[in-house]
Every structure is written in C-alpha cells, then in structure tokens.
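Taking numbering that gives the first Met the number 0, the leading residue of the sequence shown gets 0, the next gets one more, and so forth. The next block holds one structure in the form of structure tokens; read it before the comments.
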Amino acid sequence: MNRTIKCLILGIGIMQMQPIICEAQSKEGNAQGESWPVGTSPQEVGKRIAEHFVATPHTNFGRSTPPKVITYPETCTWYGALTFAKQTNDKDLTQKLAQRFEPLLGAQDTLIPTPDHVDYTVFGSVPLELYMQTKDKRYLKVGQRIADKQWGPPEGPRVKPESHEFYNKGYTWQTRMWIDDMFMITAVQSQAYRATGKKKYIERAAKEMVLYLDSLQKPNGLFYHAPDVPYFWGRGDGWMAVGMAELLRSLPKNNPNRERIMKGYKIMMASLLKYQAESGMWRQLIDDEGSWAETSCTGMFTFAMITGVKNGWLDAATYGAAARKGWLALVTYINENNDVREVCEGTNKKNDRQYYIDRKRLTGDLHGQAPILWCATAWLR
C-alpha cells in the first residue's frame, strides 16, 4: 500500500490497464498495476460479494419460498462468483461454490430448471464453469445437456407457433425477441464452446445475436425494452451489453458474424458513454435525466467497457476512464452487509414512463450482486 499526493491520470493500456491515480488518499495496488482507493479494489470487493453469495440460501425470484427451481438472478451471481474464483485462483472459493451444487446432483436435482425457456436454460453456464475449473464430468453432462436442449426441436408447454419458425431457420426455438435473451442465450452457448471446444455452440450464439441486432438495435445503438415499449430501460440494455461482450470475448476472429456483432457493440458503447452521469452511474431509463441512478445496469455497462478495453476493442483512455468511474461509483452502493442497494426489481414491459420510474429499488437483490462480480473478474483478466 502506498500514498499518492497528486492526481495523475496515466494512460490505460489495452491488454493491461494502467492506473488512473486519484488524489491524496491511500491506494491498494495489485500485480497488474492498477491502483485503487482503499476498500474499492476488485480483489477485495469481489471477495466480499462472492463470500456473501456462498452464505446466501437459494432464492427464487418472483415465485415461491422455499424455491422450486434455481432462477436466473442466482445463476448469474453463481457464474460471476465462479469466474472471480478462477481469476483470483481462489481454490477454497471454487470448492465452496462446487459444494453448493452438490445437492443438485442428488436429492435436490429438482432445483435444476427445465431448459424450456431462456431464463431457465442460462443455468447451464454454472455447471459448465464448474466443469472447466474442476474437470468433474458430472458438471459437463448437466451443462452440455442444457445447451443442446436450447437448439433441439421445440418441446414442452412453452412452445408457440413461432418457435417452430425460428427452429426451422436455424435459431433456437426459445427465441422471443426480448433483449434479455442476448445474455441468457449467448451465455450458455459461449460456455458450452469454452468447455468443449466445439464451434457449433459459439456459431449458434453469434447467428442469434445478429438476428437480434438487425431486428432490435436503434440508430443510437441502444435498445427499446420491447418493440412496443419505446423506453431504453437500463437493465434490459445491460443484458445486450454484457451478452455482446461475453460473446465477443470467445468468438473466433474468423467467424463471419464477428464484424457485425462488433459494429453493434461499438455503437452501443459510444451511446452509453454519452449517457453516463457525472457521478459515474447510469440511470433506470438511460436517456432520461429525471430517472434514478440504478446499480444493476451500471455494473453491466461497466463490465462491457472493461472487457472492451482489456481486449483492445475500445479506445483505452476514453472508455477505461468511464469504466473506472462507473466502478468507483458502483462500490459506494454496497452496504455494510455486502448487499448492493438501488437495484431495480424484476420488470416486465409496459408502455408507460412512470411504470419504470416507480419500480421498487431493492437492496441485496441478486440482479445487482451479479454484475459486481462480473466487473471484478473483468478488471483482473
């Protein structure tokens, strides 16, 4: 630990960020060269949030207690905790996260959701990550089965007439044209590619992403919550931002869809840069200065920018500074119990501005915990 007297903004390297060192306060350094105000380093914050997740019982967003199945907010946080454990080489944390899964391989296997909807299918990203870290093939079997089901023939009570149309065109039958899908679908397929090396998984995800970009992205780079709801809802757009960043992180450079996805990603990042508040936060409605600062979307956009700078897709000085500003704002919303505040509750679509403004602002909701872990991992990659 050292003490910096002067505020000095240094260049931020493309593959390895250099510090933006701010004034007159103690700093925490790390092996990668970043310097952070005390208590804000990705290592410390990520560890706190991950350990808090380990101690948190299974939750069931919007359904029942005790839970019937694992739902996507828990999946996203579990995945984030696992990636953080991997990046910090924290074997003890990985073991704890694996122990959380163990009952699901036995008596509590009913907690594993049926992969008949994007919100349930994304669960496969967790066992696939566990397989990559532990090499236990039980996890691979579960995760790969889920990923394959997503591109299998339509089946079950959720099948609609358009499900067959999408399936016959080579898309997943779970396609809904909701912007949330572009994390839920691409996450599990990207993970299946990382775990198996089989290109069919990442190629599926890329083709699907292009469909959504061509259909839903607006000229300013952002996305309406739904075609009939002309509002740029923060977390909805967050799923697109994270989904593109996660996909591009592993998409081979010779993939024919990579250029189109990169174009969509960069247009979105440029637009988000304009709407970041002076505080570093993004808002519940991205372009609405009268709406409140919201943490889950801020974490998602910050992750997407960190990933872009680390991989050389975005200008390092411009976007690195924005990402750092977002992170330092975000961590101020973590309370003494390691719960993130000001998290928008689960939100359906509605063509009504006030509906979005009036959404509950939750504390500790896993929609907000997960992006903190994603960001912590991304800073350390």
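Every residue, glycine too, gets a C-beta built ideally from N, C-alpha and C. All figures in this text were calculated on a predicted structure; none of them were measured in a lab.
For residue i, three-class secondary structure by DSSP
| i | result |
| --- | --- |
| Phe222 | strand |
| Gln107 | coil |
| Leu365 | helix |
| Ile333 | strand |
| Arg203 | helix |
| Arg248 | helix |
| Val241 | helix |
| Gln173 | coil |
| Arg385 | Given a span of 0 to 380 for the chain in the structure shown, any question on residue 385 remains unanswerable. |
| Arg360 | strand |
| Val339 | strand |
| Gln24 | Here Gln24 scores only 35 on pLDDT, less than 50, and its place in the model should not be relied on; the value that follows carries that caveat. Of the three classes helix, strand and coil, the one that applies to Gln24 here is strand, per DSSP. |
| Gln325 | Here the sequence assigns Gly to residue 325, which means Gln is not the residue at that position. Three-state result, Gly325: helix. |
| Lys67 | coil |
Expected contact under 8 Å - CB spacing of residue i and residue j to nearest Å
| i | j | result |
| --- | --- | --- |
| Arg358 | Cys343 | 5 Å |
| Met280 | Ala328 | 5 Å |
| Thr87 | Gln42 | 6 Å |
| Gly79 | Leu361 | Wrong, their Cβ atoms sit about 18 Å apart, outside the cutoff. |
| Ala303 | Ala244 | 4 Å |
| Asn254 | Ala205 | 6 Å |
| Phe222 | Met208 | Contact flag wrong, Cβ pair sits at about 12 Å. |
| Met183 | Thr113 | With 8 Å as the limit, Met183 and Thr113 do not qualify as a contact, their Cβ atoms being about 15 Å apart. |
| Val308 | Gly319 | 5 Å |
| Pro370 | Met299 | 5 Å |
| Gln188 | Glu128 | That belief does not hold up - the Cβ atoms of Gln188 and Glu128 are roughly 14 Å apart, past 8 Å. |
C-alpha distance - residue i paired with residue j, whole-angstrom precision
| i | j | result |
| --- | --- | --- |
| Ile356 | Asp286 | 13 Å |
| Gly233 | Thr294 | 9 Å |
| Lys46 | Phe52 | 10 Å |
| Lys134 | Pro126 | 11 Å |
| Ala225 | Thr174 | 14 Å |
| Tyr211 | Tyr264 | 12 Å |
| Thr376 | Tyr200 | 23 Å |
| Lys198 | Glu277 | 42 Å |
| Trp35 | Trp326 | 10 Å |
| Ile111 | Ile69 | 6 Å |
| Gln393 | Cys296 | What the structure shows of the chain is the stretch from 0 to 380, and residue 393 is not part of that stretch, so it cannot be assessed. |
| Ser162 | His366 | 28 Å |
| Gln98 | Arg137 | 13 Å |
| Asp118 | Thr39 | 31 Å |
| Pro102 | Asp115 | 22 Å |
| Ala315 | Glu154 | 46 Å |
Residue i: first and last residue of the uninterrupted alpha helix (DSSP H) it sits in
| i | result |
| --- | --- |
| Ser124 | Ser124 to Thr133 |
| Gln149 | Lys136 to Gln149 |
| Gly263 | Arg257 to Tyr274 |
Extent of the continuous beta strand (DSSP E) run through residue i
| i | result |
| --- | --- |
| Trp312 | No beta strand (DSSP E) contains Trp312, which DSSP labels as neither H nor E. |
| Trp35 | Ser34 to Pro36 |
Residue i - partner residues in DSSP beta bridges
| i | result |
| --- | --- |
| Arg282 | Ala292 |
| Trp232 | Leu284 |
| Ala216 | It is worth fixing the name first, because residue 216 is Gln in this sequence and not Ala. Gln216 pairs with Phe222. |
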